[in-house]
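Worksheet for the structure shown next.
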Amino acid sequence: MIYIIDHKDSFTQNVVHQFSNFDNVECDNFDKINQKKLERSNVIVFSPGPGSPKDYPISSRIYKKYKGKKKIVGICLGFQQILYNEKGKIIEQKKIYHGYQSKVKVTSNHSLFKKNKIFKVGRYHSLKLKEPFDSKNFKITMRCDISNIAMAIENNKDKIYGFQFHPESFLTENGNILIKKILST
Amino acid sequence: MIKQNYLININKTKKPFIIYKSEKGFDLYTNFSKKIILTNKNIKNFINKTTKFNRKKKDTNLFIGFFGYEILNNLIGIKLPKQKGLKFPKGIFYKPEKKIKLANKLNYITSQKKLDTSNFKININKKSYKKIFNKFKKKIKLGETYQIKICTKYNNKSKIDPLDFFCRLSKSNLAPEAFLIKDKNFSIISCSPENLITKKGNFISTKPIAGTLKKTKNINKKKALNFFKKNIKETKEHNMIVDMERSDLSRICIPGTVKIIKKKIIEEYKDLFHYVSLVGGKLKKKTKTLDIIKAMMPGGSVIGCPKISTLNLLNSQERENRNIYTGSFGYIKFNGDMRFNIIIRAILNYKNYSEISVASGVVIDSNPKHEFNENYIKAKALMDLYK
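So the sequences go chain by chain: A and B.
Per our numbering, the very first residue in the first sequence carries number 534; after that it's consecutive.
Per our numbering, the very first residue in the second sequence carries number 8; after that it's consecutive.
So, in structure tokens, the structure goes:
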């Protein structure tokens, strides 16, 4: 079962539907976590949401507790949530991307996805990862083709995956394939 | 001709009535056997009961009326601070016993000789608008909201003939979700273009509008589409609304059934072009009317995104009650089918006091002067009726 932690976002139900293609999904607000469901799940997903990772200490605690024990996926704010707990700095960016479709490129050899592949994705983010970012077992695997901003991370040892863009957006090409791949690995 | 007289007569009798735009013309509802004034206490009970009456197919087996902005917030657990305002009911529904079909051309000449009206006043001046605007822009930079709509209000004292207003408005702008409510001490006149919920059987759809262009001689439908496609700001706003409406529908629909049926098309009206999408899905079994209303209202396209945090930001800033504005008007049939719009481009006249609310969006690249003026243009179309 996949447990999606909702940061009261207006895109979370799209994430629920997308993940429902592959397994049973349960979803609760971050301030109404059901401990039993959390324990029972084999994948935890941190949803998109407003604000910044430091606003969600409950989600941070869950991340730390289950890191390495369950597969973890983060989308947008959820992506930043993972990085924030791996000592990454999340900062404001000059250009803000809300409802923006842009090209993303797979930049790493250590990715589940084919290097140099370019595809279009939907973005809704005010904040970004400050680089350089270096954390054990984590690789930045995708970047914005124009601005070079980090767009995906993978930690294949602990099975942790994050996307700064929104795989569930109608603006993202082949979003289902991305999710299928990280769920089946 | 009989129907035309009917309008004049019903207006004379002072009987409450409602007119709602239909596909081919207008429907007029009257002879109300019940009137329910909504409160936080009775709203859930009211909504749950609407589908528990007899299901005989009769075209008056429905409740028609509106939900105000505040009660829709309360319904999804959002409280509003104390606000100033008219103390107008939070929502009212009627059970009609009579329905009459009217043609698109509403011929009615008012008997009111002279309009008794004072000048309109605005509740937020340019300077304070700019202040709020910049505050919200900061919130966007911090990621607390992606888009937010600031509401400004124009009001005056006026004794009006609402039917006259509605007929004149429909002549200049035959909006697909237009409606009029005329009751004893209030009236609502609206040329809303936006459908929020159409539910028939287990199919539900919503039709968000993001992007409006005034018609001129030089612009046709194709050119309008090009304008929106090239305009990055409009495109981004529209994308955001489409993803948000997909998500709202996904809350109540079977996974895999939510589809964008029409993606970013142009709809042409008498005076303007709208940039529109149609999103629909198949409802989960046992979805209740209340679940649908809570998932879809208040309509996202007039609030901003993400809905909850944006509503909280808005409510902390707005000193005056929105009343009907960005609430929803429509009907719930006894068989559970429903149709609701988003109440915008509307006049509320209550105890001879009129208010017109307008809003436009703040996104990261919008400009306060432009948005303030945009608001004025939207309000002006309605204020012109008072001339």
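From the three backbone atoms N, C-alpha and C, an ideal C-beta is built for every residue, glycine too.
In this text the structure is predicted, and so the values were computed from the model without any measurement.
At the level of alpha carbons, what is the spacing between S395 (chain B) and I26 (chain B)?
Residue 395 (chain B) falls outside the range modelled here, since chain B spans only 8 to 394, and no answer is possible.
Does DSSP put D278 (chain B) in a helix, in a strand, or in coil?
coil
Please confirm whether P215 (chain B) has its beta-carbon closer than 7 Å to some beta-carbon of chain A.
no
Let me see if you follow: with CB-CB separation under 7 Å, is S553 (chain A) close to chain B or not?
yes
Going by other Cβ atoms of all chains shown within 10 Å of its Cβ, with 16 needed for buried, is H377 (chain B) buried or exposed?
exposed
I want to verify the contact list: residues of chain A whose CB lies under 7 Å from the CB of T152 (chain B), in sequence order.
One finds P583 in chain A with Cβ atoms closer than 7 Å to the Cβ of T152 (chain B), taken in chain order.
I want to see whether chain A comes within less than 7 Å of K301 (chain B), judged by CB atoms only; does it?
no
Under the three-state reduction of DSSP, which class applies to D250 (chain B): helix, strand or coil?
helix
With a 10 Å radius around its C-beta and 16 neighbouring C-beta atoms as the bar for buried, classify R573 (chain A) as buried or exposed.
Exposed is the call here.
Note down, in chain order, every chain B residue with its Cβ under 8 Å from the Cβ of Q697 (chain A).
Result: empty, since nearest Cβ-Cβ is about 12 Å, beyond 8 Å.
For I651 (chain A) and K638 (chain A), which I take to be in contact (beta-carbon distance under 8 Å), what is that distance rounded to the nearest angstrom?
5 Å
Identify whether R594 (chain A) lies in helix, strand or coil by the three-state DSSP scheme.
helix
Can you give me the start and stop residues for the beta strand (DSSP E) that A185 (chain B) sits inside?
No beta strand (DSSP E) holds A185 (chain B); DSSP gives it neither H nor E.
Buried or exposed, going by whether 16 or more other CB atoms sit within 10 Å of the CB of D190 (chain B)?
It is buried - the Cβ of D190 (chain B) has at least 16 other Cβ atoms within 10 Å.
Which residues in the same chain as L285 (chain B) place their Cβ atom closer than 7 Å to its Cβ, once the five residues preceding and following it in sequence are excluded?
S212, K214, I268 and K269
Quick check on Q154 (chain B): does DSSP put it in helix, strand or coil?
Residue state for Q154 (chain B) is assigned as strand, using DSSP reduced to three classes.
Is it buried or exposed, M345 (chain B), if we count other Cβ atoms within 10 angstroms and call 16 or more buried?
buried
So what does DSSP say about K59 (chain B), is it helix, strand or coil?
helix
Could you work out which residues of chain B lie near I629 (chain A), taking near to mean beta carbons separated by less than 9 Å?
I147, K148, G150, Y153, V370, I371 and D372
Using a Cβ-Cβ distance under 7 Å, would I5 (chain B) count as near chain A?
Outside the shown range of chain B (8 to 394) lies residue 5 (chain B), about which nothing can therefore be said.
In whole angstroms, what is the alpha-carbon distance linking K600 (chain A) and I693 (chain A)?
8 Å
In chain A, what lies closer than 8 Å to M247 (chain B) by C-beta?
H631, G632 and Y657
Quick one: which chain A residues come within Cβ less than 9 Å of D250 (chain B)?
S543, F544, N547, G632, G655, Y657, H699, E701, S702, F703 and L704
What separation, rounded to the nearest whole angstrom, lies between the Cα atoms of A231 (chain B) and S543 (chain A)?
29 Å
Buried or exposed, going by whether 16 or more other CB atoms sit within 10 Å of the CB of T20 (chain B)?
exposed
Shortest alpha-carbon distance to Q477 (chain A) belongs to which of B:N238, B:I188 and B:K148?
Missing from the structure shown is residue 477 (chain A); chain A here goes from 534 to 718 and no further.
Rounding to the nearest angstrom, what Cα-Cα distance links C174 (chain B) and I363 (chain B) in this structure?
18 Å
For the pair the segment 312-319 of chain B and the segment 59-73 of chain B, tell me if three or more CB-CB distances fall below 8 Å.
no
Looking at the C-beta of K271 (chain B), does it have a partner C-beta in chain A at a distance below 7 Å?
It does not; no Cβ of chain A falls within 7 Å.
Residues of chain A with a CB under 9 Å from the CB of E244 (chain B): which are they?
Neighbours of E244 (chain B) on chain A, chain order: H631 and G632.
Under 7 Å, do C312 (chain B) and Y76 (chain B) count as touching if we go by C-beta distance?
no
Just grab the DSSP bridge partners of C504 (chain A) for me.
What the structure shows of chain A is the stretch from 534 to 718, and residue 504 (chain A) is not part of that stretch, so it cannot be assessed.
Does the segment 113-129 of chain B come within contact of the segment 162-171 of chain B, defined as at least 3 CB pairs closer than 8 Å?
yes
So, C198 (chain B) versus L176 (chain B), is the Cβ gap smaller than 7 Å?
yes
7 Å is my cut-off, CB to CB: does P262 (chain B) come that close to chain A?
yes
Under DSSP, the alpha helix (DSSP H) around C174 (chain B) begins and ends at which residues?
P169 to S179
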